[in-house]
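**Q** My structure is below; once you've seen it, I'll send some questions.
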Amino acid sequence: MVTSDQSAAQHADRPEIPSGLGGTVRHALALVRDTMPPLHPGGAPVIGAVAAAAFGVRALRGRGTFGALAVTAGVAAFFRAPHRTTPRQAGIAVAPADGTVSLVDTAEPPEDLVARGFPPGPRPRVSVFLSVYDVHVQRVPVDGQVQAVEHRPGGYLSADLPAASDTNARTAMWVHGTDGHDLAVLQIAGLVARRIVCDAAPGDEVRAGDVYGLIRFGSRVDLLLPPGSTVRVEPGQRAVGGETVLADLPGTS
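Under the UniProt record's numbering, think of the first position of the sequence shown as 1, with each following residue one higher.
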């Protein structure tokens, strides 16, 4: 299921906190809730397994509660899905992931998407590399409709290598934008990534910034833009998923 950020609406709808000790406590809890990012549901099985193992070891040893909590919290941090404020501007494509822009070049779209009707031919590509410290959810780059989602098994090269796009396991999503442009987002497995989660399905109506997937641990996300797009970022630049504008689409730059 594709999820949207609605933090602003949630804040607007929150009732005023009454005065007094009870009100202060509720206000403090509300601040903690807003500060701590929610977790992507795809991380629940991993977090649960790690927590069970960590506290199992603690039970056997009779000590190590702090260590068990730290390990569980550290793994949970990989699956955080923080709220983002996406620019509501026509004619732009926002970053589909947090990380470092590792590649800006031209590439052919995946053959399996082309077989589904995605327009063939070379187009601008922006690759974002996600380290183990980055947020690992993926976000939709433009408003539109999902036309196809294709998974391809493969290897597990280091995701920062250019060959990873052609060699590694990946899931490709085709989005037909409301402005008529076709874009593809590729979730690419990395050296330690072994699981790609894609919650989007053909026919889904999506908005730029919606969370649609997750790659467990280090990985890479490629955005294939329409021909004629003007890329706004360069290799080495940091991207924030759902917020950083990666490109102006044709006819708007």
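Every residue, glycine too, gets a C-beta built ideally from N, C-alpha and C.
Quick one: is S219 near chain C, going by C-beta distance under 9 Å?
**A** Although the question refers to chain C, the structure presented lacks it and comprises just one protein chain.
**Q** Whole angstroms are fine: how far does the CA of G241 sit from the CA of G203?
**A** Position 203 of the sequence shown holds residue 203. Position 241 of the sequence shown holds residue 241. Roughly 23 Å separates the two Cα atoms.
**Q** Quick one, are the C-beta atoms of T100 and A189 less than 9 Å apart?
**A** Locating residue 100 in the sequence shown gives position 100, where the first residue counts as 1. Locating residue 189 in the sequence shown gives position 189, where the first residue counts as 1. No, the Cβ-Cβ distance between T100 and A189 is not below 9 Å.
**Q** So who's on the other strand from T230, going by DSSP bridges?
**A** Taking the first residue of the sequence shown as position 1, residue 230 is located at position 230. DSSP, once it has assigned bridges, lists D248 as partnering T230.
**Q** Assess, as a yes-or-no matter, whether the stretch 120–135 is touched by the stretch 218–236 under the definition of 3 or more beta carbon pairs within less than 8 Å.
**A** Contact between the stretch 218–236 and the stretch 120–135 is present, because at least three Cβ pairs lie under 8 Å.
**Q** Look up S102 in the DSSP assignment and say whether it is helix, strand or coil.
**A** Locating residue 102 in the sequence shown gives position 102, where the first residue counts as 1. Three-state DSSP puts S102 in a strand.
**Q** Kindly indicate the opening and closing residues of the alpha helix (DSSP H) around L225.
**A** Here residue 225 corresponds to residue number 225 of the sequence shown, with the count starting at 1. Where L225 is concerned, there is no enclosing alpha helix (DSSP H), given that its DSSP letter is neither H nor E.
**Q** Who are the near neighbours of P110 in its chain, counting only those whose CB is closer than 6 Å to its CB and skipping five residues on each side?
**A** As a first step, residue 110 must be located in the sequence shown, where it is residue number 110. Around P110: A172.
**Q** Can you list, in chain order, the residues of its chain whose CB lies under 7 Å from that of E205, leaving out five sequence neighbours each side?
**A** Within the sequence shown, residue 205 is the residue found at index 205, counting from 1. Result list for E205: Q145, in chain order.
**Q** Only counting the same chain, and skipping five residues up and downstream in sequence, which positions put a Cβ closer than 7 Å to that of D134?
**A** For the purposes of this step, residue 134 is taken as the residue at position 134 of the sequence shown. Around D134: D98, G99.
**Q** Relative to the C-alpha of P235, which candidate in A59, V137, R116, L103 has its C-alpha closest?
**A** Position 235 of the sequence shown, counted from the start, is the residue given in the question as residue 235. The residue with the shortest Cα to Cα distance from P235 is L103.
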